[in-house]
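What follows is a single structure, written as C-alpha cells, with notes after it.
Have a look at this one:
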C-alpha cells in the first residue's frame, strides 16, 4: 500500500501553491514541506472531498473555518487516502453541499446586484460593515495580514522586519505588551488586538481588519513620551472598533467580498490582493478620522495616560512634513489638535507607561 507521495498544499492564507509530501500514518495525514517541516496534520476522520477536475483528488477538513486544501494527482496515493479515511463522499453529502452552495451563490449574486443598484458599492459597504460577523472579519484580517507581511518583507537591512524578537529588544516588546494590554482591557473589543512594531522609518501606523495593527519604528523615534505612541495606537484601535478597515475592504473588493460575506468565504484570491492594496493605500474620510480621534482621547484616558499627547505628536510630525496616514483627508493639524485638547479637557494627565518602560519601548528595534 502507498504510504506517501507528492501533493499541492494551499494554506488558506494566500493563493500560493506549496509543493509538499504527504505521509500517511495510521491515524492521520501529515503535510510536510520540502525542507522537512510539518505544515499540517489532518486526522482521517475529518477529511472531506471537494469538487475538482477529473484526475485530481481535492480534500479539505470537514466543518473547518480554514480555507486550507490539498490536491493529489497520484491515483495510488489518492486511493490510499480514501482507503484510510471514512469514505470521503458517502451518500452524496459533498455533492448536496455543492448544489446548495451554487444555489446560495446565485441568490447572493442576485441580492448583491440589487443592493448595489440601489445603494452603490460605497454606501452599501458603509451600511453592511457594522453587521459583518466578526468571524468573517477575522478571516479577512488573516488573509490581508499575510499579504501585508509579504509587502513589507521578512527582513529589513538584515534583521527581521518585526521588532522585539532579538535579546536586546525583548524588554521593549514586553513594554509594548503592557501598553496594549492596558488599552485592550479598557477598550473591551469583541476580538483580540495583534500589535507589532516594524522596521519602517516613516512616522506611521496602520490598522488592518481583524485587529491587526502595525506601528512603524519611525513613529516611536519621533515620539517624546509613551503617551504620544499610545495616542496614535489608540487612534488605530478606534479604526478597528469602528470597523473602518472592514468598510474599506468591502468598498475595494466590491461584489467579490459581498458574495463572500453572504457565503462566509472569499471569491478568488484576487479579492484579497485588492483588499490589501486598499488597506495599504487607505486614506479614511474626515468623519472616520475625527471619530477615531475622539475614541483615542477616551481610550488613552481610560488607560491612565494623557490623551492630549495625540495632538502634540501629530503637530510635530506635520511640522516635519510627515506622511502619516492619519494626517490625510483631515482638517488642518492645528485645528485637529485643538479639537483633541477640548475633548481631553479635565481628563487624566498621567502616563500609560513608566519611565523605565518607555525607555525599553524606545529600544524595541535595537540600538542604544
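Numbering (our numbering), first residue to last: 272 to 639.
Cβ atoms here follow ideal geometry from the backbone N, Cα and C, with glycine treated the same way.
Best match in the options for proximity to residue i [C-alpha to C-alpha]
i           : options               : result
residue 515 : 413, 576, 296 and 556 : 556
residue 275 : 353, 435 and 432      : 353
residue 574 : 418, 409, 499 and 419 : 499
residue 243 : 330, 431, 490 and 424 : Nothing can be reported for residue 243, as the shown portion of the chain is limited to 272 through 639.
residue 452 : 331, 624, 324 and 295 : 624
residue 577 : 612, 548, 560 and 590 : 612
residue 346 : 403, 461, 333 and 278 : 278
residue 408 : 312, 320, 511 and 504 : 511
residue 400 : 505, 481, 488 and 432 : 481
residue 519 : 439, 478 and 296      : 478
residue 485 : 449, 550 and 349      : 550
residue 421 : 297, 547 and 483      : 547
residue 287 : 339, 294 and 313      : 339
residue 579 : 622, 591 and 590      : 622
residue 299 : 513, 284 and 313      : 313
residue 351 : 315, 502 and 324      : 315
residue 488 : 521, 513, 447 and 458 : 447
residue 507 : 406, 570 and 439      : 570
residue 513 : 432, 403, 410 and 324 : 403
Beta-carbon proximity list for residue i, same chain, < 8 Å, skipping 5 on both sides
i           : result
residue 327 : 342, 343 and 344
residue 310 : 280, 282, 289, 291, 302, 303 and 304
residue 436 : 444
residue 631 : 442, 443, 445 and 446
Beta-bridge partners of residue i, as assigned by DSSP
i           : result
residue 320 : 330
residue 313 : 300
residue 290 : 279
Other residues of its chain near residue i: CB distance less than 6 Å, five sequence neighbours each side excluded
i           : result
residue 363 : Annotation note: pLDDT 46 at residue 363 (below 50); position unreliable, coordinate value reported separately. For residue 363, where only same-chain residues beyond five positions count, there are no Cβ hits under 6 Å.
residue 455 : 464
residue 317 : 332 and 333
residue 559 : 515
First and last residue of the uninterrupted beta strand (DSSP E) at residue i
i           : result
residue 277 : 275 to 281
residue 484 : 483 to 487
residue 467 : 465 to 469
residue 478 : 476 to 478
N- and C-terminal bounds of the alpha helix (DSSP H) containing residue i
i           : result
residue 296 : Unbroken run through residue 296: none, as it is neither H nor E.
residue 341 : Per DSSP, residue 341 belongs to no alpha helix (DSSP H); it is in the beta strand (DSSP E), 340 to 343.
residue 508 : 497 to 513
residue 566 : 557 to 573
residue 350 : 346 to 355
residue 613 : 604 to 614
residue 307 : It is not in any alpha helix (DSSP H) - residue 307 carries neither H nor E in the DSSP assignment.
residue 628 : 626 to 633
Residues near residue i by beta carbon distance below 7 Å, same chain, minus five either side
i           : result
residue 494 : 500 and 584
residue 412 : 479, 480, 481, 482 and 483
Should the region 469 to 480 be regarded as contacting the region 626 to 635, the criterion being three or more beta carbon pairs within less than 8 Å? no
With a threshold of 8 Å, are at least 3 pairs of Cβ atoms found where one atom belongs to the region 435 to 448 and the other to the region 470 to 484? In short, these stretches do not touch, since the Cβ pair count stays below three.
On the three-pair Cβ rule with 8 Å, is the region 606 to 616 touching the region 560 to 572? yes
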